[in-house]
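First the structure, in the form of structure tokens, and then the observations on it.
There are 2 protein chains.
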Amino acid sequence: MVRELVHQLPHERIIYFGDTARVPYGPKSPDTVQRYSREIAAWLISQQVKAIVVACNTATAHALEILQREFPLPVIGVVQPGARAAVDATRTSHIGVIGTAGTVASGAYERAIHAIQRDAHVVAQACPLFVPLVEEGWLDSEATRIIAREYLRPFASNHVDTLVLGCTHYPLLKPLLSEIVGRDVRLIDSAAETAAETRRVLESRQLTAPPGSAGTHRFVASDAPDHFLRQGRRFLGTTIDEVEKVTLG
Amino acid sequence: MVRELVHQLPHERIIYFGDTARVPYGPKSPDTVQRYSREIAAWLISQQVKAIVVACNTATAHALEILQREFPLPVIGVVQPGARAAVDATRTSHIGVIGTAGTVASGAYERAIHAIQRDAHVVAQACPLFVPLVEEGWLDSEATRIIAREYLRPFASNHVDTLVLGCTHYPLLKPLLSEIVGRDVRLIDSAAETAAETRRVLESRQLTAPPGSAGTHRFVASDAPDHFLRQGRRFLGTTIDEVEKVTLG
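Protein sequences, first through last, are from chains L and X.
Just so you know, we're using numbering that gives the first Met the number 0 here: the first sequence kicks off at 0 and counts up by one.
Just so you know, we're using numbering that gives the first Met the number 0 here: the second sequence kicks off at 0 and counts up by one.
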């Protein structure tokens, strides 16, 4: 996500906050995820941001509307752009969604997809072990393959032609997932779409940085900057120079 | 752990606090685990407890000494009783320890075992995927077996005759772990030992409840009482009537 934002908005000053002290959000209740999301948004606003991207599907599913209602700046989530990309990609209108327990239980993707295409057939499946498997780097192991086959079973009988990777960790499993569902199933990663949506929102409100500005990137974590550095490299595909620690809650 | 405490201390009023809003502790830094442990201890003291059992290996490894220093009541951890049980069980003095990333990185078991038996040979191995696998109920699946074989490989070449299950989730994997390391390797679960140690501490300070008292049990979670209920049943092997929610942090 950060990589796409940096790519599409090279002149912006971007602050990335990772709530490493309290992740994973996936198994947690809407109440708790909302409380954490509010705290992070308030902290970002204290840093004078002009817009917030909720770069987490679970937080988007549980808290996006609350943040949009309570905070006086644009708040962009990842679910709507992912849903849009899925509807654009599908030919059969049979769309699969995988995500955390929280994202799937919220029904957020079904609602977002049906708002665009009322008659789409959506099958959603929680894959709670994918986040720890990705965090531990088990991206191409037989164990992950067995777990993925079990999780993805509902899609075999439902003939989806498009599968939404409804969690920011899942794109790292793309090769393995593609092998299981078949190369003809389109895998939708909402990062590029969300970055594009962020650009559109900034442009429509005339909030974009001037083309001459030097973009800057700040990485902030609520726990163990070292761990964040290591994970960050895996997700960003680039090195991070420095991670600041900020304690919330 | 609660089951053993209830069994060995039937007349006590026990409050079980599960920090479900912020678990898992295993991958988090000592600082963060110390901060969370302090908050929980302070809350328990506000409920007038007379002693605290830190029924989590990671919290014990990172925070036990701090809690013992900062709070004016007995604080009992799980590492020392587990180390004692391992030393009592081993015949070859070759002891294996498995735990979370945090517990293993802390070196707490090595220190505790060497304090009892200076020449013991201790091999510790982090098994970060075991907690999510247990939480998701993958207790006897081929995927878990593959992951466990990978994690337990160091013990094959080190000929341990005793393996400490250094995380309160791991006893649920006992049959699978025993199958992998061999039936002749003793698996040490510190729950019974910790409960016995708690009883000894209460007795030595004359803090035990009178034999006629009716024991009571309160379950408190920082997130989603429903989820706690479901998990609680799996760990306790019994039903819980009610879970209260208390927000910390």
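We put the CB at the ideal spot given by N, CA and C, even for glycine.
CB contact check: residue i to chain L, cutoff 9 Å
{"i": "X:S39", "result": "First, the residue type needs correcting, since residue 39 of chain X is Ile and not Ser in the sequence shown. With 9 Å as the cut-off, X:I39 does not count as an interface residue toward chain L."}
{"i": "X:A20", "result": "yes"}
{"i": "X:A223", "result": "yes"}
{"i": "X:T99", "result": "no"}
{"i": "X:W42", "result": "no"}
{"i": "X:V242", "result": "no"}
{"i": "X:I115", "result": "no"}
{"i": "X:L132", "result": "yes"}
{"i": "X:I112", "result": "no"}
{"i": "X:G211", "result": "no"}
{"i": "X:D192", "result": "Reading off the sequence shown, one finds Glu at residue 192 of chain X, where the question assumed Asp. Not an interface residue."}
{"i": "X:R232", "result": "no"}
{"i": "X:L128", "result": "yes"}
{"i": "X:T31", "result": "yes"}
{"i": "X:G248", "result": "yes"}
{"i": "X:E149", "result": "yes"}
Residues near residue i by beta carbon distance below 6 Å, same chain, minus five either side
{"i": "L:H158", "result": "H93"}
{"i": "L:S70", "result": "Note that residue 70 of chain L is Phe in the sequence shown, not Ser. Cβ within range, chain order: A40."}
{"i": "X:A125", "result": "A100 and V103"}
{"i": "X:W137", "result": "T143"}
{"i": "X:I146", "result": "L128"}
{"i": "X:P29", "result": "H61"}
{"i": "X:G231", "result": "I239"}
Contact set for residue i: own chain, Cβ-Cβ below 8 Å, skip 5 residues either direction
{"i": "L:H6", "result": "A194"}
{"i": "L:S36", "result": "V53, A58, H61, A62, I65 and L66"}
{"i": "L:I13", "result": "V1, L4, V5, G214, T215, H216 and R217"}
{"i": "L:E243", "result": "R217, F218, V219, A220 and P224"}
{"i": "X:Q47", "result": "none"}
Chain X contact for residue i (CB, 9 Å cutoff)
{"i": "L:H250", "result": "Residue 250 of chain L lies beyond the range of chain L shown here (0 to 248); nothing can be said about it."}
{"i": "L:E3", "result": "no"}
{"i": "L:S28", "result": "yes"}
{"i": "L:E69", "result": "no"}
{"i": "L:E295", "result": "The structure shown has nothing for residue 295 of chain L, since chain L only spans 0 to 248."}
{"i": "L:P153", "result": "no"}
{"i": "L:T167", "result": "no"}
{"i": "L:I146", "result": "yes"}
{"i": "L:S140", "result": "yes"}
{"i": "L:T143", "result": "yes"}
{"i": "L:R34", "result": "yes"}
Bridge-paired residues (DSSP) for residue i
{"i": "X:R217", "result": "X:I14"}
{"i": "L:G165", "result": "L:G98"}
{"i": "L:L186", "result": "L:L162"}
{"i": "X:I75", "result": "X:V52"}
{"i": "X:Q124", "result": "X:I97"}
{"i": "L:K244", "result": "L:A220"}
Cβ separation of residue i and residue j, assumed to be a contact under 8 Å, to the nearest whole Å
{"i": "L:G17", "j": "L:F227", "result": "5 Å"}
{"i": "X:L171", "j": "L:P131", "result": "Rounded, the Cβ-Cβ distance is 16 Å, inconsistent with contact."}
{"i": "X:V32", "j": "X:G106", "result": "The pair is not a contact, with the Cβ atoms about 15 Å apart (cut-off 8 Å)."}
{"i": "X:W42", "j": "X:V184", "result": "No, X:W42 and X:V184 are not in contact; Cβ-Cβ is about 39 Å, not under 8 Å."}
{"i": "X:I179", "j": "X:L151", "result": "5 Å"}
{"i": "L:H10", "j": "L:A208", "result": "4 Å"}
{"i": "L:D139", "j": "L:P174", "result": "7 Å"}
{"i": "X:P153", "j": "X:V121", "result": "Wrong, their Cβ atoms sit about 11 Å apart, outside the cutoff."}
{"i": "X:L8", "j": "X:R198", "result": "6 Å"}
{"i": "X:I97", "j": "X:Y169", "result": "7 Å"}
Cβ-based neighbour list, residue i, same chain, cut-off 7 Å, excluding 5 preceding and 5 following
{"i": "X:P73", "result": "A50, V200 and R204"}
{"i": "X:E38", "result": "L247 and G248"}
{"i": "X:E202", "result": "none"}
{"i": "X:R148", "result": "I179"}
{"i": "L:A85", "result": "I94, I112, T161, V163 and I187"}
{"i": "L:P210", "result": "H10"}
Contact with chain A by residue i, beta-carbon distance below 9 Å
{"i": "X:R198", "result": "Going by chain labels, chain A is absent from the structure shown, which instead holds the protein chains L and X."}
Closer than 8 Å is the cut-off here; do at least three beta carbon pairs connect the segment 14–28 of chain X with the segment 211–227 of chain X?
Proximity of the segment 14–28 of chain X to the segment 211–227 of chain X meets the contact definition, three or more beta-carbon pairs being nearer than 8 Å.
May I ask you to verify whether the segment 160–167 of chain X touches the segment 145–163 of chain L, counting CB pairs closer than 8 Å and requiring at least 3?
Three or more Cβ pairs closer than 8 Å define a contact, and the segment 160–167 of chain X falls short of that threshold against the segment 145–163 of chain L.
With a threshold of 8 Å, are at least 3 pairs of Cβ atoms found where one atom belongs to the segment 78–88 of chain L and the other to the segment 110–117 of chain L?
With contact defined as three or more Cβ pairs closer than 8 Å, the segment 78–88 of chain L and the segment 110–117 of chain L are in contact.
Quick check: the segment 226–241 of chain L against the segment 191–211 of chain X, are at least 3 beta-carbon pairs closer than 8 Å?
As far as the Cβ criterion goes, the segment 191–211 of chain X does not touch the segment 226–241 of chain L, which means the pair count is below three.
Would you check if the segment 83–93 of chain X and the segment 132–150 of chain X touch, i.e. whether three or more CB-CB distances between them fall below 8 Å?
No, the segment 132–150 of chain X is not in contact with the segment 83–93 of chain X.
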